[in-house]
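In this note's numbering, the protein residues as written are -1 to 92. For every residue, glycine included, the Cβ atom is placed at its ideal position computed from N, Cα and C. Since the structure is predicted, the reported quantities are computational estimates derived from the model, not experimental observations.
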């Protein structure tokens, strides 16, 4: 399966969304802090990112691992940076 690519914020939001939809998390009313994904060399599955150090996650380690496994199988972290456009354009007179 070819992975879709997302930027770091989008990956963080997707993991956050999936975690906070889990029945156990909803029932406990807990707010798990989701870290930014970290770029890494592609692993044996081809995934090029990982997340570590979730906050307020005690007791939810298995749930987090399952969500990460699913999201890592679907998405890779976008690595190419888009060139920023000059916000001032080509100002005449420079």
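Does the separation of the CB atoms of residue 49 and residue 32 fall below 9 angstroms?
yes
Tell me the DSSP secondary structure of residue 38 in three-state form.
coil
Of the choices 15, 0, -1, whose alpha-carbon is the least far from that of residue 66?
15
Identify, in the order they occur along the chain, each residue of the same chain with its Cβ nearer than 6 angstroms to the Cβ of residue 40, setting aside the five sequence neighbours on each side.
46
Would you decide whether residue 9 is buried or exposed? Buried here means 16 or more other CB atoms lie within 10 Å of its CB.
buried
For residue 3, which residues in the same chain have their Cβ closer than 6 angstroms to its Cβ, ignoring the five residues on either side in sequence?
74, 76
Classification of residue 0 by the beta-carbon crowding that lies within 10 angstroms, buried from 16 upward:
exposed
So, under 8 angstroms CB-CB, residue 63 and residue 35 are touching, yes? Tell me the CB distance rounded to an integer number of Å.
About 15 angstroms separates the two Cβ atoms, so there is no contact after all.
Do residue 30 and residue 55 have their C-beta atoms within less than 9 angstroms of each other?
yes
Which residues in the same chain as residue 53 place their Cβ atom closer than 6 angstroms to its Cβ, once the five residues preceding and following it in sequence are excluded?
31
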